[in-house]
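Below is one structure, written out as structure tokens; the observations come after it.
Numbering (mature numbering (1 follows the signal peptide of the UniProt record, and there is no 0)), first residue to last: -26 to -1, 1 to 388.
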């Protein structure tokens, strides 16, 4: 017997709200490295209305649209508010494809860990063993790159110091990996190899170079053959250097630095400035399928998944493993995945420790720190459930590092 529940909303060009639930068918420890998670806690029932409320909040804060999909064992919940296209007024939907930004990093890390399983790569080996002469320091290892402890400067800091002009300068440009790495190497390093976590897109450009060198094939081909094909991800693509998202998709809108300035449609671009650090396209369905498979042990050996989950401190209530981020929620639950920021899109994609509950939430705007921080509330509602009134609080969240320098959290909130 199939049953469904609907939270009533309004259906109009300016906004669509839907909320449905239906059965689904479908090594040696290094300094500063932590290996243990908090003790596992039973997950509360998800607060699906709370997820919907967060999406409505981010729409009021300047996102044209927002959507989320929650897969909880045999049940799917989804919600969507606002528009996918400001010109046509078409309502946003979880059927829409979106740019996922730095969630791409998880895909890149999985490929490299599969190559470790195949004994083609060693995490403790210097990057220069596989890419001779690329980096100025032979002490920088593959592990350092995947955990953002290489000290390699993030070239996007200068590239997008001015948000819209920086984007327009690279919108149609095609870079080589080496050109991007050279931009990084022109600046001082941020830490010694193996030092403190310091987020840098450069690290996952190097990851892409490693994939292509070790396999002799493009990263897009490796993503397809190793992850996308086996998991039957129908909306996931590595689109580079093409500029158009194929099929049904939500358009992305970039918030200018000047408060009150009109949003910029940033949908079409090469994303060549990011490549293996952030150029993938996907959907909320596919992201949940991917993270559930990864955390459920279907994409790497148990040993390599454990390597991904060797954590180092990475900000307020966060830790970072190998291409994988852990967020510690207010109820004591930890979730695992990544955030993604690329011009016009913010994505939160996280799952429970065992992968049986997963959430992907997207707003089709970026460079709006208020929206980004509010989106964290989707994780709280999805994994912590309804909080007691006395426990309601908003944990401080720093501006995420996926793209360029931080903006004040209260800026561009419209």
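Heads up, the beta-carbon is just placed ideally off N, CA and C, and yes, glycines get one too.
>> What does the alpha-carbon distance come out to for the pair residue 116 and residue 328?
In response: 26 Å
> Are residue 400 and residue 352 close, meaning C-beta to C-beta below 8 Å?
Replying inline: Any question about residue 400 goes unanswered here, given that the chain covers just -26 to 388.
>> Under DSSP, the alpha helix (DSSP H) around residue 193 begins and ends at which residues?
In response: 193 to 197
> Is it true that the segment 233 to 251 meets the segment 145 to 159, where meeting means three or more beta-carbon pairs spaced less than 8 Å apart?
Replying inline: yes
> Is it a yes or a no for the segment 89 to 103 touching the segment 268 to 287, going by three-plus beta-carbon pairs under 8 Å?
Replying inline: yes
> Span of the beta strand (DSSP E) holding residue 320?
Replying inline: 319 to 325
> Are there 16 or more other CB atoms within 10 angstroms of the CB of residue 235, so buried, or fewer, so exposed?
Replying inline: exposed
> Residues in its own chain within less than 7 Å of residue 253 by CB, not counting five upstream and five downstream?
Replying inline: 78, 212, 213, 214 and 245
>> What does the Cβ neighbour count give for residue -2, buried or exposed, with the cut at 16 atoms within 10 Å?
In response: Confidence at residue -2 is low in this model, with a pLDDT of 36, below 50, so its placement is unreliable and no value can be given for it.
> Would a C-beta distance cut-off of 8 Å place residue 180 and residue 119 closer than the cut-off?
Replying inline: yes
> Is residue 265 closer than 8 Å to residue 339 when the C-beta atoms are compared?
Replying inline: no
> Does the ligand ADP have a heavy atom nearer than 7 Å to the CB of residue 59?
Replying inline: The ligand content of the structure shown is nil, which means the ligand ADP is not present either.
> Under three-state DSSP, which class holds residue 26?
Replying inline: helix
>> In the DSSP output, which residue or residues are listed as bridge partners for residue 292?
In response: 301
>> Tell me which residues share the same chain as residue 366 and place their Cβ nearer than 8 Å to its Cβ, disregarding the 5 neighbours each side in the sequence.
In response: Caution applies to residue 366, whose pLDDT of 42 falls short of 50 and renders its modelled position unreliable; the value that the coordinates give is listed next. Excluding sequence neighbours, residue 366 sits near nothing in its chain.
>> Out of 335, 358 and 140, which one is the CA nearest neighbour of residue 68?
In response: 335
> For the alpha helix (DSSP H) that contains residue 118, what are its first and last residues?
Replying inline: 116 to 120
> Starting from residue 316 and walking both ways along the alpha helix (DSSP H), at which residues does that stretch end?
Replying inline: Careful: residue 316 lies outside any alpha helix (DSSP H), inside the beta strand (DSSP E) at 308 to 316.
> Is it right to say residue 241 is buried, meaning 16 or more other beta carbons lie within 10 angstroms of its own, or is it exposed?
Replying inline: buried
> Whose C-beta lies closer than 6 Å to the C-beta of residue 31 among residues of the same chain, with five residues either side of it excluded?
Replying inline: 348
> Who are the Cβ neighbours of residue 144 in its own chain at under 6 Å, not counting the five residues just before and after it?
Replying inline: 247
>> Check whether the segment 283 to 295 and the segment 167 to 174 are in contact - that is, three or more C-beta pairs closer than 8 Å.
In response: yes
> If we count the other Cβ atoms within 10 Å of its Cβ and call it buried at 16 or more, is residue 98 buried or exposed?
Replying inline: exposed
> What residue ranges within the segment 121 to 158 form continuous alpha helix (DSSP H) runs of no fewer than 4 residues, ordered along the chain?
Replying inline: 130 to 133 and 137 to 144
>> What does the Cβ neighbour count give for residue 71, buried or exposed, with the cut at 16 atoms within 10 Å?
In response: buried
> Does DSSP put residue 33 in a helix, in a strand, or in coil?
Replying inline: helix
>> Just to confirm before moving on: does the CB-CB distance between residue 262 and residue 35 stay below 8 Å?
In response: no
>> So the candidates are 65, 21 and 209; which of them puts its Cα closest to the Cα of residue 256?
In response: 209
> Is it buried or exposed for residue 20, if we count other Cβ within 10 angstroms and need 16 for buried?
Replying inline: buried
>> Give the list of continuous beta strand (DSSP E) stretches no shorter than 3 residues that lie fully inside the segment 239 to 293.
In response: 254 to 256
> In terms of residue numbering, what span does the beta strand (DSSP E) encompassing residue 185 cover?
Replying inline: Where residue 185 is concerned, there is no enclosing beta strand (DSSP E), although the alpha helix (DSSP H) it sits in stretches over 175 to 189.
> Using the beta-carbon count (16 or more within 10 Å), is residue 160 buried or exposed?
Replying inline: exposed
> So, helix, strand or coil for residue 451, using DSSP?
Replying inline: A question about residue 451 goes unanswered here, because the residues of the chain that appear run from -26 up to 388.
> Opposite residue 57 in the DSSP bridges: which residues?
Replying inline: 65
> Near residue 141, which residues of its chain fall below 8 Å by C-beta distance, leaving aside the five closest residues on each side in sequence?
Replying inline: 134, 228, 238, 240, 243 and 317
> Nearest CA to the CA of residue 107: which residue from 183, 259, 233 and 359?
Replying inline: 183
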